[in-house]
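Read top to bottom, the protein sequences are chains A and B.
According to this note's numbering, the first sequence holds residues 1 to 243 in order.
According to this note's numbering, the second sequence holds residues 244 to 486 in order.
2 protein chains.
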Amino acid sequence: MRFTSEQRLDDGVLEREFTLGEIPGILWTPESASAPVPLILLGHPGGLHRMYPRLAARARHSVADGFAAATIELPGGGDRPRSAVAEEARVDLHRALEAGEPVDDDIVDRLVLPLVEKAVPEWQALLNALLPLPEIGGQVGYAGGVIAIGLRLAVVEPRISAALLFAGSFVPRTMFEEARQVAIPLLVLLQWDDEGNDRQLALDLFDAFGSEEKTLHANTGGHTGVPQFEGDEVNRFFARHLK
Amino acid sequence: MRFTSEQRLDDGVLEREFTLGEIPGILWTPESASAPVPLILLGHPGGLHRMYPRLAARARHSVADGFAAATIELPGGGDRPRSAVAEEARVDLHRALEAGEPVDDDIVDRLVLPLVEKAVPEWQALLNALLPLPEIGGQVGYAGGVIAIGLRLAVVEPRISAALLFAGSFVPRTMFEEARQVAIPLLVLLQWDDEGNDRQLALDLFDAFGSEEKTLHANTGGHTGVPQFEGDEVNRFFARHLK
Chain A
1 MRFTSEQRLD DGVLEREFTL GEIPGILWTP ESASAPVPLI LLGHPGGLHR
51 MYPRLAARAR HSVADGFAAA TIELPGGGDR PRSAVAEEAR VDLHRALEAG
101 EPVDDDIVDR LVLPLVEKAV PEWQALLNAL LPLPEIGGQV GYAGGVIAIG
151 LRLAVVEPRI SAALLFAGSF VPRTMFEEAR QVAIPLLVLL QWDDEGNDRQ
201 LALDLFDAFG SEEKTLHANT GGHTGVPQFE GDEVNRFFAR HLK
Chain B
244 MRFTSEQRLD DGVLEREFTL GEIPGILWTP ESASAPVPLI LLGHPGGLHR
294 MYPRLAARAR HSVADGFAAA TIELPGGGDR PRSAVAEEAR VDLHRALEAG
344 EPVDDDIVDR LVLPLVEKAV PEWQALLNAL LPLPEIGGQV GYAGGVIAIG
394 LRLAVVEPRI SAALLFAGSF VPRTMFEEAR QVAIPLLVLL QWDDEGNDRQ
444 LALDLFDAFG SEEKTLHANT GGHTGVPQFE GDEVNRFFAR HLK
């Protein structure tokens, strides 16, 4: 991992861009902390530049409550090379959505499974790179979408102790079985009126998770309408499990 | 309203029993507060004496966070006269549950509708009695079961500004239409593995509420297994809306 820029934000947050091999990423830490702080990995749908305002807001809120936060670009996101399979699946997806047709399981599999296979080892490599830093210590949490990436990480990565997942439709059917193997505490956020989200599928997935402690927060509003107060709830959830 | 006993609890809470006409009740207030505090009405399934430990714990938590709390016995609960219709419905309900049969809408109607009709004006009379007290001021919230009583109060009682409802199965079908008229902020708690609760019905009811701000918190566990941390969430919900 190589830091490529460093910026002091006005609220005592140190923001550093880095590259992890070919993959760009951002790390946010408290400018001054008396002890190492737990790390929250910020998941997103891809496109770091486009997502930056929302990611930075979430990161600054995390740092204000005593965490570090980090994210990396997804495979095929931003300037990273596209996968032909995923691009074709995306075309089929948009065609189905525009025609108002149901989205075939096959499209979801082609879109999501290769992404999960490729992204998960990258997030694990990110942990390898970040955890030795002296300013980071304690437990690790994963927060955000892509829910299928968070789900797989929760199963295969023992260094992740708790996860906040944004409910989204595109979870391959085969991953419902995998959800039963998830054992860490979960908080699932569901936007009840999300046009692009299959509510019943989100509820079925919540039901499938094997975790002894799992909580669903459903709120009125569309995809990007998560209420402000859920940001505080998320930090309290991670404080309970990572500190 | 006539106070019948007064007790100072060790955490600075003043607990006063009272009668409102024939109806027994309990009021919890801070022993010393510099200003009037908002009131939370504590709903319950009936049987004040049996429910006392849980009600008192909820009340003390509310008072610790700057609220007053009050409750009254339900019609047919404790020593209050039973209704023949409700008793008959209760026998039919237990017969259905023991036989593992679905509970007829007719049983739910006979059990719940007369209870709602009788209880709601009593809770309104409680408000008439409590709101003039100098130690109580500001907005009022309703918290708890019976969900059908909370639902009706939310529709007909303009002095109630926010409600926390415990999801329970026994909501008459006719009250789903009424749910669409609810406009105040709602927090609905659902125990995901509640044996005695129809999960789909609870989700349908959440969907039916007309409130612009409504939040569902679903947690793993059975009927009485609401996690400790939800107590804090409830107080924060009321702090947002009553203070």
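The C-beta atom is built at its ideal place from N, Cα and C for all residues, glycine as well.
Cβ of residue i within 7 angstroms of any chain B Cβ
i: residue 214 (chain A); result: yes
Interface residues of chain B facing residue i [CB-CB closer than 9 angstroms]
i: residue 238 (chain A); result: Those do not exist, as residue 238 (chain A) stays about 13 angstroms from chain B at its closest Cβ, beyond 9 angstroms.
Closest Cα partner of residue i within the set the options
i: residue 21 (chain A); options: A:179, A:75, A:116 and A:137; result: A:75
i: residue 354 (chain B); options: B:331, B:435 and B:393; result: B:331
i: residue 292 (chain B); options: B:389, B:269 and B:357; result: B:269
i: residue 476 (chain B); options: B:460, B:309 and B:435; result: B:460
i: residue 45 (chain A); options: A:10, A:146, A:235 and A:220; result: A:146
i: residue 379 (chain B); options: B:323, B:247 and B:485; result: B:485
i: residue 93 (chain A); options: A:82, A:83 and A:106; result: A:106
i: residue 325 (chain B); options: B:362, B:341, B:347 and B:473; result: B:362
i: residue 1 (chain A); options: A:16, A:11 and A:61; result: A:16
i: residue 238 (chain A); options: B:328, B:472 and B:275; result: B:472
i: residue 259 (chain A); options: A:177, A:79 and A:12; result: Residue numbering for chain A in the displayed model covers 1 to 243; residue 259 (chain A) lies beyond these limits and cannot be assessed.
i: residue 406 (chain B); options: B:387, B:420 and B:417; result: B:387
i: residue 251 (chain B); options: B:275, B:266 and B:262; result: B:275
Pair within 7 angstroms by beta-carbon distance, residue i and residue j
i: residue 452 (chain B); j: residue 410 (chain B); result: no
i: residue 400 (chain B); j: residue 367 (chain B); result: yes
i: residue 302 (chain B); j: residue 271 (chain B); result: yes
i: residue 116 (chain A); j: residue 170 (chain A); result: no
i: residue 165 (chain A); j: residue 150 (chain A); result: yes
i: residue 194 (chain A); j: residue 222 (chain A); result: yes
i: residue 285 (chain B); j: residue 298 (chain B); result: yes
i: residue 211 (chain A); j: residue 182 (chain A); result: yes
i: residue 373 (chain B); j: residue 313 (chain B); result: yes
i: residue 113 (chain A); j: residue 172 (chain A); result: yes
i: residue 190 (chain A); j: residue 214 (chain A); result: no
i: residue 184 (chain A); j: residue 154 (chain A); result: yes
i: residue 296 (chain B); j: residue 382 (chain B); result: no
i: residue 431 (chain B); j: residue 449 (chain B); result: yes
i: residue 47 (chain A); j: residue 66 (chain A); result: no
i: residue 467 (chain B); j: residue 435 (chain B); result: no
i: residue 127 (chain A); j: residue 159 (chain A); result: yes
Residue i CB to nearest heavy atom of the ligand NAP below 6 angstroms
i: residue 163 (chain A); result: In the structure shown, the ligand NAP is absent, as is every other ligand, since no ligand is present at all.
**Short-range partners of chain A found in the segment 457-472 of chain B, where Cβ spacing is below 8 angstroms** = 457, 458, 459, 460, 461, 462, 463, 470 and 472
**Asked** Along the segment 194-205 of chain A, what residues have a CB closer than 8 angstroms to any CB found in chain B?
**Response** 203
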